[in-house]
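J.: According to full-length UniProt numbering, the sequence shown is numbered sequentially starting from 1.
If you scroll down you'll find the structure; I have some questions about it.
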Amino acid sequence: MERHQALPRAVNRQREERGLRSPAGGGRSGGVMNPLNALSDAGVSIWLDDLSRERLVSGSLAELVARDRVVGVTTNPTIFAKAITSGDAYDSQIRDLAARGVEVGEALRALTTFDVRWACDVLRPVNEATSGVDGRVSIEVDPRLAHDTAATVAEARALWWLVDRPNLFVKIPAARQGLAAIAECLAERISINVTLLFSLSRYDEVTEAFLDGMERARAAGRDLSTIASVASFFVSRVDSEADARLDKTGTARAAGLRGKMAIANARLAYQHYERVLSSPRWKSLEQAGARPQRLLWASTSAKDPAYPDTRYVTDLVAPNVVNTMPEATLRAVADHGQVPDDSVRAHYDDARRVLGELQAVGVDYDDLVQTLEDDGVAKFDASWEQLTEQLSGTLSTARPPQTGDSS
């Protein structure tokens, strides 16, 4: 099987225009469209929202890339906390770190960057085949630094240097203090995944930071084609919070709006993305070789069992977006996903109507998205704190006993 099978339709078209072969196999088997192929062919890059040493050692990630159209990986502090504290895959490296007396913060960087570097190497052929568009792996700055701009930039530089792979994304939360860090890192040619986005107004600020960073990179004479970015809009968490608020109102009108806010919010984000692409500032950067900051749909597993388990994938199909999903959601899409050509751009008016109706029944948009942003940072912070405490204890136990000076 050719590695190019993982390319989305937009990249396939670029390859055809350059006279290169299309991916092997096509999208249909026995006349039936494979849902993952259909999703990729619609312009959606399929990324896996998970990583662990076990997945790397077993070859599971490589298999997903080879067989299931996976062309990228995202991680977060919660994913790493689960990976490192489950099983024994990290024991040997932890013993070595303990023997060297490495403190817990640096030990965490060593463990996580090892995994991300390895995953970058697994995805490197995809990155090369897509001219740097996909084949990306994300690692997040210490979430406890989310409200400290200078520390966030310093941490991003350190992670970029430690992983040392061109297909890395450093994740920076979209909290207000992170905006300057995003622009600074892009200006320094560090590719950035802006994470924990919930608000349309915050997204506008993120796109401003992206344009500012790219303009500064251009002024510094940097090759803009080597700088990449995605803006990660979290989806299912929006419905979880909105539904909880709707349930408290107890009215039939409110009940009729359950499960509608997240998709409406994301669809309007895509409309904002289209506006950026039509702006003179972007056109100028594009002419200088810049790549657009793609939207990435995150938090795509359905939290409410009453909802279809593929809804945050199939209801958000649009050209040149990323959908990062846990493997269970990926398997659900592959098994029974009904993938349209586009489920976003014809629905802008309806999306605005939904947000207006939510406001009318008492769901305050600004308060809700700010709550989600604050909670998102706090949850990742808590995961990192818990992992730090557990790893600190493990390092202490694993350290060899100190011997006296025999001289």
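Glycine residues also receive a C-beta, built at the ideal position from the N, C-alpha and C atoms.
Let's test the definition: count the other Cβ atoms within 10 Å of the Cβ of E103 and tell me whether it reaches 16, buried, or not, exposed.
T.: Locating residue 103 in the sequence shown gives position 103, where the first residue counts as 1. That one is exposed.
J.: Tell me the rounded alpha-carbon separation between K283 and L391.
T.: Residue numbering aside, residue 283 sits at position 283 when the sequence shown is read from its first letter. Residue numbering aside, residue 391 sits at position 391 when the sequence shown is read from its first letter. Their backbone Cα atoms lie some 48 Å apart in a straight line.
J.: Inspect the beta-carbon positions of S343 and D315 and report whether they are closer than 7 Å.
T.: Translated into positions along the sequence shown, residue 343 becomes position 343. Translated into positions along the sequence shown, residue 315 becomes position 315. Yes; because the gap between Cβ atoms is below 7 Å, this pair is in contact.
J.: Compute the beta-carbon to beta-carbon distance between E241 and L372, rounded to the nearest angstrom, for a pair I have assumed lies under 8 Å.
T.: For this step, residue 241 is matched to residue 241 along the sequence shown. For this step, residue 372 is matched to residue 372 along the sequence shown. Confirmed, Cβ separation roughly 6 Å.
J.: Buried or exposed: L277, going by 16 or more other Cβ atoms within 10 Å of its Cβ?
T.: Here residue 277 refers to the residue found at position 277 of the sequence shown. When all chains shown are included, L277 counts as exposed.
J.: Would the stretch 288 to 297 count as touching the stretch 315 to 332 if we require 3 or more Cβ pairs under 8 Å?
T.: Touching, yes.
J.: Quick check for students: name the residue ranges of the beta strand (DSSP E) that lie wholly in the stretch 180 to 222, counting only runs of 3 or more.
T.: Correct list: 192 to 197.
J.: On the criterion of 16 or more Cβ atoms from any shown chain inside 10 Å, does W161 qualify as buried, or is it exposed?
T.: Counted from its first residue, the sequence shown places residue 161 at position 161. Answer is exposed; the Cβ neighbour count stays below 16.
J.: Please list the segments of the alpha helix (DSSP H) lying wholly inside the stretch 70 to 149, counting only runs of 4 or more residues, in order along the chain.
T.: The qualifying runs are 77 to 84, 91 to 99 and 104 to 129.
J.: Whole-angstrom Cβ separation of V126 and G135, contact assumed at under 8 Å?
T.: The residue given as residue 126 occupies position 126 in the sequence shown. The residue given as residue 135 occupies position 135 in the sequence shown. Yes, they are in contact, since the Cβ atoms of V126 and G135 sit about 3 Å apart, within 8 Å.
J.: Looking only at C-alpha atoms, which of A332, L368, L330 and T226 sits nearest to E286?
T.: What you label residue 286 is simply residue 286 of the sequence shown in a count that begins at 1. Checked all of A332, L368, L330 and T226; the closest Cα to E286 is T226.
J.: So, at 7 Å on beta carbons, what are the nonlocal neighbours of H347 in its own chain, with the 5 sequence-adjacent residues on each side left out?
T.: Against the sequence shown, residue 347 aligns to sequence position 347. If we look at H347 and ignore the five residues flanking it on each side, its Cβ neighbours are R267.
J.: Just to confirm my understanding: we take Q386, look at its own chain, exclude 5 residues before and 5 after, and list those with CB closer than 7 Å. What are they?
T.: Translated into positions along the sequence shown, residue 386 becomes position 386. Excluding sequence neighbours, Q386 sits near A81.
J.: In the structure shown, what three-state DSSP assignment does Q322 receive?
T.: Position 322 of the sequence shown, counted from the first residue, corresponds to residue 322. Note that residue 322 corresponds to Val in the displayed sequence, not to Gln. Looking at V322 - three-state DSSP - the assignment turns out to be strand.
J.: Give the straight-line distance between the Cα atoms of M214 and V122, rounded to the nearest whole angstrom.
T.: Taking the first residue of the sequence shown as 1, we reach residue 214 at position 214. Taking the first residue of the sequence shown as 1, we reach residue 122 at position 122. Going from the Cα of M214 to the Cα of V122 covers about 28 Å.
J.: Smallest Cα separation from A231: which of R245, G256 and V194?
T.: Within the sequence shown, the letter at position 231 stands for residue 231. If we check each option's Cα against that of A231, V194 comes out closest.
J.: Could you name the residues of the same chain whose beta carbon sits closer than 6 Å to that of M325, not counting the 5 residues immediately before and after it, in chain order?
T.: Taking the first residue of the sequence shown as position 1, residue 325 is located at position 325. Same-chain partners within the cutoff: D49 and T300.
J.: Flag this pair as touching only if the stretch 200 to 215 and the stretch 328 to 336 have three or more C-beta atom pairs under 8 Å; answer yes or no.
T.: With the cut-off at 8 Å, the stretch 200 to 215 and the stretch 328 to 336 do not touch.
J.: Tell me the DSSP secondary structure of S301 in three-state form.
T.: Numbered from its first residue, the sequence shown carries residue 301 at position 301. Coil.
J.: Should G250 go down as buried or exposed, given a rule of 16 or more other Cβ atoms within 10 Å for buried?
T.: On the sequence shown, position 250 is the one that residue 250 refers to. By the 10 Å Cβ count, G250 comes out exposed.
J.: Return helix, strand or coil for S40, following the three-state DSSP convention.
T.: Within the sequence shown, the letter at position 40 stands for residue 40. Helix, per DSSP.
J.: Whole angstroms is fine: what's the gap from Y90's alpha carbon to G72's?
T.: Indexing the sequence shown from 1 puts residue 90 at position 90. Indexing the sequence shown from 1 puts residue 72 at position 72. Taking the straight line joining both Cα atoms gives about 23 Å.
J.: Where does V170 fall in DSSP's three states?
T.: Residue 170 sits at position 170 when you count from the first residue of the sequence shown. It is a strand residue.
J.: For V363, which beta-bridge partners are listed by DSSP?
T.: By one-based count along the sequence shown, residue 363 stands at place 363. Beta-bridge pairing links V363 to no other residue.
J.: Per DSSP, which residues does R294 bridge with? Please list them.
T.: The count along the sequence shown starts at 1 and reaches residue 294 at position 294. Partner(s): V230.
J.: Note down, in chain order, each residue of its chain lying with its Cβ closer than 6 Å to the Cβ of A98, except the 5 sequence neighbours on either side.
T.: Against the sequence shown, residue 98 aligns to sequence position 98. Counting only Cβ-Cβ distances below 6 Å, and skipping sequence neighbours, we find L395, A398 and R399.
J.: Which runs of the beta strand (DSSP E), 3 residues or longer, sit entirely within the stretch 239 to 276?
T.: Runs of the beta strand (DSSP E) inside the stretch 239 to 276: none found.
J.: How many Å lie between D374 and L368 at the Cα?
T.: As a first step, residue 374 must be located in the sequence shown, where it is residue number 374. As a first step, residue 368 must be located in the sequence shown, where it is residue number 368. Each residue's Cα considered, the two are about 10 Å apart.
J.: By the three-class DSSP mapping on this structure, what secondary structure does S343 have?
T.: Stepping through the sequence shown from its first residue, residue 343 is reached at position 343. Coil.
J.: For F198 and V238, which I take to be in contact (beta-carbon distance under 8 Å), what is that distance rounded to the nearest angstrom?
T.: Taking the sequence shown and counting its residues from 1, one reaches residue 198 at position 198. Taking the sequence shown and counting its residues from 1, one reaches residue 238 at position 238. That belief holds up - the Cβ atoms of F198 and V238 are roughly 6 Å apart, short of 8 Å.
J.: DSSP state of S278, grouped into three classes?
T.: As a first step, residue 278 must be located in the sequence shown, where it is residue number 278. Coil at S278, not helix or strand.
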